[in-house]
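A.B. asks:
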Amino acid sequence: MDSKTDTRLFLLVTAGRLLIFVLLVMAGAIFPGSFVGEVRLSYLSCLLGCAFFLTLIWIYWFQKKGLSDQLKGAQTVTDVLLATMAVYLTGGILSRFSFLYSIAIITSCLLGPKRAGTRSALLSTLFYAIVCIVTRNQAPSLEEAAFTFFLNMAAFNTIALLALSLSKRLRNVEEKLKDTTKDMHLLEEIQRHLANSLRSGLITVDVNGRILYYNIAAHEILGQVVTNSYGKYVKDLIPGSERLLSSCHGQSATGDRRELGLMVNDKKMILGISCFKIFDHMGELLGHGLIFQDITEIKAQEERLKLIDRLAALGEMAAGLAHEIRNPLASISGAAEYLGQSGLVMPEGQRLLSIIEREAERLSQLTNSFLLYGRPERKRSETVNLKDEFSAALILLKQRKRLSQAVVEMDVPDDLEITVDGDMLRQVILNVLLNAFQALPEEKGLVRIVATSTDDEVQIEIEDNGLGISPETLKKIFNPFFTTKPEGTGLGLSIVHRIVTELGGNIQVNSEPYTGTRFTITLPLRKEKETPPEKEILAYEAASSLSARNLSMS
Ligand code: ADP
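The sequence shown begins at -7 in the working numbering and counts up by one.
1. Ala327: buried (16+ other C-beta within 10 angstroms of its C-beta) or exposed?
2. By the three-class DSSP mapping on this structure, what secondary structure does Gln285 have?
3. With distance defined between alpha-carbon atoms, name the residue in Thr(-3), Ser233 and Ile348 nearest to Leu331.
4. Can you tell me where the alpha helix (DSSP H) holding Pro505 begins and where it ends?
5. Using only the alpha-carbon positions, how far apart do Asp448 and Ile317 sit?
6. Under the three-state reduction of DSSP, which class applies to Asn427: helix, strand or coil?
7. Please report the straight-line C-alpha distance between Leu46 and Val5, rounded to a whole angstrom.
8. What do you reckon, is the C-beta of Ala431 under 7 Å from a heavy atom of the ligand ADP?
9. Using 10 angstroms around the beta-carbon of His177, count the other beta-carbons present and answer buried if the total reaches 16, otherwise exposed.
10. Is the beta carbon of Asp456 within less than 7 Å of some heavy atom of the ligand ADP?
11. Look at the alpha carbon of Ser233 and the alpha carbon of Ile454, and state the distance between them as a whole number of angstroms.
12. So does Thr514 have its beta carbon nearer than 7 Å to some heavy atom of the ligand ADP?
13. Just the Cα atoms here: how many angstroms apart are Ala385 and Glu401?
14. Rounded to whole angstroms, how far is the Cβ of Met255 from the Cβ of Thr288, which I believe are closer than 8 Å?
15. With a threshold of 7 Å, establish whether the CB of Thr507 neighbours any heavy atom of the ligand ADP.
16. Please work out which residues of its chain come closer than 7 Å, Cβ to Cβ, to Lys227, disregarding the five sequence neighbours upstream and downstream, and give them in chain order.
17. Return the first residue and the last residue of the beta strand (DSSP E) that Ala131 is part of.
18. For Gly279 versus Thr196, is the C-beta spacing smaller than 8 Å?
19. Report the option in Ser462, Val404, Thr476 and Met416 whose CA atom is closest to the CA atom of Ile441.
20. Can the beta-carbon of Gly508 be found closer than 8 Å to that of Gly460?
21. If you reduce the DSSP assignment to three classes, tell me which class Pro516 lands in.
22. Should Ala385 be listed as close to the ligand FAD, given that the test is whether its C-beta is under 7 Å from any heavy atom?
23. I'd like to confirm something about Ser486: is its beta-carbon nearer than 7 Å to some heavy atom of the ligand ADP, or not?
24. Run through DSSP, which three-state label would Ala443 get?
25. Is it buried or exposed for Gly491, if we count other Cβ within 10 angstroms and need 16 for buried?
26. At a cut-off of 7 Å, would you count Gly477 as near the ligand ADP, judging by its Cβ distance to the nearest heavy atom?
27. So, helix, strand or coil for His280, using DSSP?
28. If contact is defined by three or more beta carbon pairs under 8 Å, each pair taking one atom from either stretch, is the segment 66 to 78 in contact with the segment 104 to 118?
29. For the beta strand (DSSP E) containing Leu252, list its first residue and its last residue.
30. When you compare only the Cα positions, how much space is there between Leu16 and Arg9?
31. List the residues that DSSP assigns as beta-bridge partners of Leu263.
32. From the DSSP output, in three-state form, read off Arg490 for me.
33. Look at the alpha carbon of Ala146 and the alpha carbon of Tyr52, and state the distance between them as a whole number of angstroms.
34. Out of Leu179, Ile208 and Glu180, which one is the CA nearest neighbour of Gly193?
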């Protein structure tokens, strides 16, 4: 028995005992006629006083040691003694209160230990026998006295047997209940542990959609949104979940998997979420479970992969097309040049020839850009000094006519080196710098170049105070052929994006119209990449006769 049950039982027995003796005294005072012989109220009151006194002792004992076997034994003996006194004082062998022995026997059976009931029955028989012997003269005859005694004795022992078997059953049931409760706690623990070791968020709701439980992963994914949300409607936390719940409701097992967007800490989050039903052992629907993952990053990755796929397809097509155009273009250029030098063309025709040459040059630049875009990934690692690369690029750019004469601030450590495909890095630097210069105002143009490094990566910032990019345009600048310039190809930044991705880095843009633009490029300091099949590189080399650097700078 646990201490709670002990306390309850002890209090019940103690209170019951006092009540019986109080009633006994009251009955003696109110209905003296119902007692056999003369009622000695003072004796009965003394008996009640004894009961109170013993109760005080038992309470003290109980508080000190709990419901020990000694306390139970002592109570059994004193209960039988009190019953004996009561029977003796209320008529001895003829007393109507011999049932008090039965109560003492039942009490000791309930309190235990195992043999207490038997002992109590024996003790009751013994003391009752003594009372009967002492008061036998009050019985009309000896036979009647013996009959009364044997009748009561049989009753005591029958009650003892019954009470013992009942208390045994009670104890068995208690034991089973204890085991079942223990198992249930264990099961609950296992379930909680399982739910918390899930990497997916789990929320269970009742049939009305109110939250009953959420696991640790749910808290990690949804953060404060889910804190202390027990009893709240799940639709208030995850808008759209109510549709999922109702679709799940109509199906036999689980609902469809859906994607739901929600705002968590002012950030848009996409949840991949599915629903399942929860039934009790009778097959009654108890509620639903929602299982979900944060797929925001996966979705973004998917979008990036789609873009990369699109770019790769375009690149292949562009390379093929550019290759086909280059030879006739070279013939057109050559023929125009020959005609110009041959003197066969009139002076006004010379102007047209120069247009042909200029436009052929522009087309050649475009096709070369296509070829660069369709270039297979390759790795020709070399260690380059970043500051030297920027200085070389700036010299090249400043030679270009029509580029604004801007102030250039460069904050790149002298010894910052990066192991990378040099040609690719130059393409990135040149394209981003070229755009920056082209965007600058006529006057007070400023280009800032800052590079910093950690153990693993280098971060390059190229910032201008040019015309900036509108949010609408910003979404498209990495798309091939997107340009806002009358003579632009729209391939510069898509080439940059592709190269940076191939090098294992990433590129970000921050821009505000009429304020300026900042490109932030992060590259790993060392990048181990697989070299593509040699055949592919050779094919590319064959297709492109000009070096990547010259292509973009021509
Ligand atoms: P192109 O330079 O041939 O137009 P890009 O791919 O290099 O092609 O650039 C795409 C577009 O991005 C540009 O047309 C321009 O609108 C925008 N852009 C790129 N860099 C800048 C910049 N630094 N400032 C303003 N706009 C820019």
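Heads up, the beta-carbon is just placed ideally off N, CA and C, and yes, glycines get one too.
C.D. replies: On the basis of the supplied data:
1. exposed
2. Strand, per DSSP.
3. Of the candidates Thr(-3), Ser233 and Ile348, the one whose C-alpha sits nearest the C-alpha of Leu331 is Ile348.
4. Where Pro505 is concerned, there is no enclosing alpha helix (DSSP H), given that its DSSP letter is neither H nor E.
5. 42 Å
6. The answer is helix: DSSP assigns Asn427 an H, G or I state.
7. 13 Å
8. yes
9. Exposed: under 16 other Cβ atoms inside 10 Å.
10. yes
11. Between the alpha carbons of Ser233 and Ile454 lies a gap of roughly 45 Å.
12. It does not: the Cβ of Thr514 is nowhere closer than 7 Å to a heavy atom of the ligand ADP.
13. 14 Å
14. The Cβ separation is near 12 Å, so there is no contact.
15. Every heavy atom of the ligand ADP is 7 Å or more from the Cβ of Thr507, so no.
16. Gly201, Ser233 and Glu234
17. From DSSP, Ala131 is part of no beta strand (DSSP E); its letter is neither H nor E.
18. Yes, Cβ-Cβ distance for Gly279 and Thr196 is below 8 Å.
19. The shortest C-alpha to C-alpha distance from Ile441 to any of Ser462, Val404, Thr476 and Met416 is the one to Val404.
20. yes
21. strand
22. Inclusion of the ligand FAD in the displayed structure is not the case, the ligand content consisting of the ligand ADP alone.
23. yes
24. strand
25. It is Ile, not Gly, that sits at residue 491 in the sequence shown. Buried is the call here.
26. At residue 477 the sequence reads Lys, which differs from the Gly that was named. Yes, Cβ of Lys477 sits closer than 7 Å to a heavy atom of the ligand ADP.
27. strand
28. yes
29. Arg250 to Val256
30. 11 Å
31. Leu252 and Asp286
32. helix
33. 36 Å
34. Ile208
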